[in-house]
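Numbering-wise, this note's numbering puts 388 at position 132 of the sequence shown, and it's gapless, one number per residue.
No residue lacks a Cβ here, since even glycine has one placed at the ideal position from N, Cα and C.
For reference, the structure is listed below as C-alpha cells.
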Amino acid sequence: MVADTRPGTERETLPLFPLQTVLLPGTPIPLHIFEPRYRQLTVDLITGSVPHRLFGIVAMRSPAVQEVDELEHVHPVGCAARLREAKRLPDGRYDLVASGTRRFRLHDVDATAAPYLMGTVTWLDDRPIPEEADDVAARLADLARAAHRRYCGAAWPDDGWRSPPDDTDPAELSYRLASDCVLPLHDQQALLEERLPLRRLRTVCRLLNRESGFLSQLRAIPASLSEMDGGDGSATKPSLN
C-alpha cells in the first residue's frame, strides 16, 4: 500500500479483472473463470490471501486488446467487487458470483507483481446531495422509477420484474435502475464515473426512456414470414452447434 501525502487520497493495491463490461455498485455479476491466472486469483480470494474478498473490475477500452498491461488499455474508473459465491468445477474452472461495492480511480497497473493484474487505486465516493435539493431528488426519483417501469414493461412484460424498495437512497437508486437495462458500455461507464447523484439519476432517466422507445419501435415492426421460418418455408429449429 502506498500512501499519498494529501489527506483522503490514500492509495491501495487491488487485484484487477479487466472485462468487456462495467460493474455498477450494488449490482451482482456472474463470472466464469477458466484462465489459470484468474483461477489463482479465485483461490487467493477464497483462502483470504486477498483481503476482504475484494478485487477490481475495470472495463477495457477496446475489444481488440488481447492483454491488458498498460493503463491506457482500460477505463480510468472501475468498481470493486466482493466475492459472494464460488463453485469449483471438476476441471478446475470456477463459477463465481460477486457484487459491486465501491468505485475507484485507477492510477497504475502492474502485470508482474502477482500471477494476475494488480492496480494502484484511490476510492471514489459521491458528493453529498444538499439538503435544499431533497425535493428535486424526490421528483427525479419518481421520474426515473416511471422510466424504469416503462422499460421493464417493454423488455420483460411477463418476467415479474420488481422495482427497488421505496426507501432506496437516490444515489443507490440510479445504479439499481440502470442494472436492469441493457446499455452500451460507454453509457454504463459514464454512469460509473458520475459523482453527482442527482445528475446520475437524471441520466438514468434519460437512458431508460431512450431504450424503452427503441424497444417500442421494434415491437411495432411486424416480423416477416422469412424471419419466422428461416426463409425456406420450414420452421427454424434450435441448433446444438
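Inter-residue CB distance, residue i and residue j (contact presumed, cutoff 8 Å)
{"i": "Asp-382", "j": "Arg-451", "result": "5 Å"}
{"i": "Val-306", "j": "Pro-271", "result": "6 Å"}
{"i": "Ala-336", "j": "Phe-360", "result": "6 Å"}
{"i": "Thr-378", "j": "Thr-303", "result": "About 27 Å separates the two Cβ atoms, so there is no contact after all."}
{"i": "Thr-283", "j": "Ser-435", "result": "4 Å"}
C-beta atoms of residue i and residue j nearer than 9 Å
{"i": "Ala-289", "j": "Ser-355", "result": "Just to set this straight, residue 289 is Ile in the shown sequence, not Ala. Their beta carbons are not under 9 Å apart, which means Ile-289 does not touch Ser-355 by this criterion."}
{"i": "Pro-346", "j": "Ile-313", "result": "no"}
{"i": "Leu-310", "j": "Asp-351", "result": "no"}
{"i": "Leu-297", "j": "Pro-371", "result": "yes"}
{"i": "Leu-439", "j": "Ala-403", "result": "no"}
{"i": "Arg-317", "j": "Val-330", "result": "yes"}
{"i": "Leu-471", "j": "Asp-443", "result": "no"}
{"i": "Leu-401", "j": "Leu-429", "result": "Reading off the sequence, residue 401 comes out as Arg, not Leu. Their beta carbons are under 9 Å apart, which means Arg-401 touches Leu-429 by this criterion."}
{"i": "Leu-396", "j": "Cys-437", "result": "no"}
{"i": "Ala-369", "j": "Thr-269", "result": "yes"}
{"i": "Ile-385", "j": "Leu-454", "result": "yes"}
{"i": "Leu-339", "j": "Val-324", "result": "no"}
{"i": "Arg-358", "j": "Leu-380", "result": "yes"}
Counterpart residues of residue i in DSSP-defined beta bridges
{"i": "Phe-470", "result": "Phe-470 is not bridged to any residue."}
{"i": "Ile-313", "result": "Phe-273, Cys-335"}
{"i": "Thr-303", "result": "Per DSSP, none; premise fails for Thr-303."}
{"i": "Leu-380", "result": "Arg-359"}
{"i": "Ala-342", "result": "Leu-352"}
{"i": "Val-330", "result": "Met-316"}
{"i": "Val-365", "result": "Gly-375"}
Residue i: first and last residue of the uninterrupted alpha helix (DSSP H) it sits in
{"i": "Ile-285", "result": "It is not in any alpha helix (DSSP H) - Ile-285 instead sits in the beta strand (DSSP E) that spans 284 to 289."}
{"i": "Ala-400", "result": "390 to 411"}
{"i": "Asp-443", "result": "441 to 449"}
Unbroken beta strand (DSSP E) run spanning residue i, endpoints
{"i": "Asp-425", "result": "Segment: none, Asp-425 is in no beta strand (DSSP E) and carries neither H nor E."}
Reference residue i, options the options, closest by Cα
{"i": "Ala-427", "options": "Val-324, Asp-414, Leu-362, Arg-458", "result": "Arg-458"}
{"i": "Cys-408", "options": "Ser-468, Val-460, Thr-368, Thr-265", "result": "Ser-468"}
{"i": "Leu-362", "options": "Gly-375, Thr-368, Ala-369", "result": "Gly-375"}
{"i": "Thr-277", "options": "Pro-292, Pro-319, Tyr-294, His-308", "result": "Pro-319"}
{"i": "Glu-328", "options": "Asp-398, Asp-364, Glu-291", "result": "Asp-364"}
{"i": "Ala-315", "options": "Leu-279, Asp-398, Trp-412, Arg-358", "result": "Leu-279"}
{"i": "Asp-398", "options": "Glu-291, Asp-425, Arg-358, Arg-349", "result": "Asp-425"}
{"i": "Arg-295", "options": "His-308, Asp-325, Leu-373", "result": "Leu-373"}
{"i": "Glu-291", "options": "Ala-342, Gly-348, Tyr-431", "result": "Gly-348"}
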